[in-house]
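Residue numbers (the working numbering): 65 to 211.
Worksheet for the structure shown next.
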Amino acid sequence: MKKRRLSREFAFQFLYQRDANGLLHEEVSREITEKDFERFVEASEEKNPSDKKFAVDIASGICEKINEIDSRIENCSDNWKISRMSAVDINIMRVAVYELLYMRDIDKAVSINEAIEIATKYGTEESGTFINGILDKIQTEATTSNA
Numbered sequence: 065m066k067k068r069r070l071s072r073e074f075a076f077q078f079l080y081q082r083d084a085n086g087l088l089h090e091e092v093s094r095e096i097t098e099k100d101f102e103r104f105v106e107a108s109e110e111k112n113p114s115d116k117k118f119a120v121d122i123a124s125g126i127c128e129k130i131n132e133i134d135s136r137i138e139n140c141s142d143n144w145k146i147s148r149m150s151a152v153d154i155n156i157m158r159v160a161v162y163e164l165l166y167m168r169d170i171d172k173a174v175s176i177n178e179a180i181e182i183a184t185k186y187g188t189e190e191s192g193t194f195i196n197g198i199l200d201k202i203q204t205e206a207t208t209s210n211a
């Protein structure tokens, strides 16, 4: 497993849980998100992510930028509203989109590939292809607008 994949999986699982409980769109401070994430990791049966700071940065960043991220996803998903998408798929995409748009030090191909790998583990047979298509459009738009 790649070094940061477990961190990405923890961020995805944390977001999925907040989303399922209707808490993802609540405005909360980074400090509260970090504390919530710490409790989530402690309660997990899996080992801690090796790069916890990376996971916390992703989770708290997504919580801060959730509306922008969701807007990008919806704009690049032909004929799909966020409300119709699988909660697994949307939360995996949120992690990748945050990396693509706000974490410039991460190779974009790595972010997309990691999302596809996580989707293969947690999603449906179609999740990887669906996620890849949307993330590719988002990456293309981001590259074009930065050129």
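The C-beta atom is built at its ideal place from N, Cα and C for all residues, glycine as well.
Bear in mind that the values here come from a model prediction, so they are computed numbers and not experimental data.
Count the other CB atoms, across all protein chains shown, that sit within 10 Å of the CB of residue 183; report buried if there are 16 or more and exposed otherwise. Here residue 183 is taken as the residue at index 119 of the sequence shown, counted from 1. Buried, because 16 or more other Cβ atoms sit within 10 Å of the Cβ of residue 183.
Could you check if residue 178 is buried or exposed, using at least 16 other CB atoms within 10 Å of its CB as the buried criterion? Along the sequence shown, one-based indexing puts residue 178 at 114. Flag for residue 178 reads buried.
Flag this pair as yes or no: are the beta carbons of residue 151 and residue 83 separated by less than 7 Å? Position 87 of the sequence shown holds residue 151. Position 19 of the sequence shown holds residue 83. Going by C-beta atoms, residue 151 is nearer than 7 Å to residue 83.
By Cβ distance below 8 Å, which residues in the same chain neighbour residue 126 in space, the five residues on each side in sequence not counted? Looking up residue 126 in the sequence shown gives position 62. Short of 8 Å from the beta carbon of residue 126, and not among the five residues preceding or following it, lie these beta carbons of its own chain, in chain order: 75, 79, 133, 158, 159 and 162.
Give me, in chain order, the residues of the same chain whose beta-carbon lies closer than 8 Å to that of residue 88; leave out the 5 immediate sequence neighbours on both sides. Counting from one through the sequence shown, the residue named residue 88 turns up at place 24. Closer than 8 Å at Cβ, skipping near neighbours: 79, 82, 127 and 130.
Between the Cα of residue 95 and the Cα atoms of 107, 77, 123 and 166, which residue gives the shortest distance? The residue given as residue 95 occupies position 31 in the sequence shown. The candidate whose alpha carbon is nearest that of residue 95 is 123.
Using CA atoms only, rank isn't needed, just tell me which of 105, 72, 190 and 68 is closest to residue 149. Counted from its first residue, the sequence shown places residue 149 at position 85. Of the listed residues, the one whose Cα sits closest to residue 149 is 190.
Between the Cα of residue 166 and those of 66, 207, 99 and 90, spot the shortest distance and give me the residue it belongs to. Residue mapping note: residue 166 aligns to position 102 of the sequence shown, counting from 1. Of the residues 66, 207, 99 and 90, the one whose Cα lies closest to the Cα of residue 166 is 207.
How big is the Cα-Cα spacing for residue 136 and residue 153? Position 72 of the sequence shown, counted from the start, is the residue given in the question as residue 136. Position 89 of the sequence shown, counted from the start, is the residue given in the question as residue 153. Looking at the two C-alpha atoms, the distance is approximately 14 Å.
Could you spell out where the alpha helix (DSSP H) holding residue 116 opens and where it closes? Here residue 116 refers to the residue found at position 52 of the sequence shown. Segment 116-139, the alpha helix (DSSP H) holding residue 116.
Could you say which of 144, 85, 174 and 98 lies nearest to residue 66 if we only look at CA atoms? Numbered from 1 along the sequence shown, position 2 holds the residue referred to as residue 66. Of 144, 85, 174 and 98, the residue nearest in Cα terms is 174.
Along the alpha helix (DSSP H) that carries residue 157, what are the first and last residues, could you check? Counted from its first residue, the sequence shown places residue 157 at position 93. Unbroken alpha helix (DSSP H) run through residue 157: 151-166.
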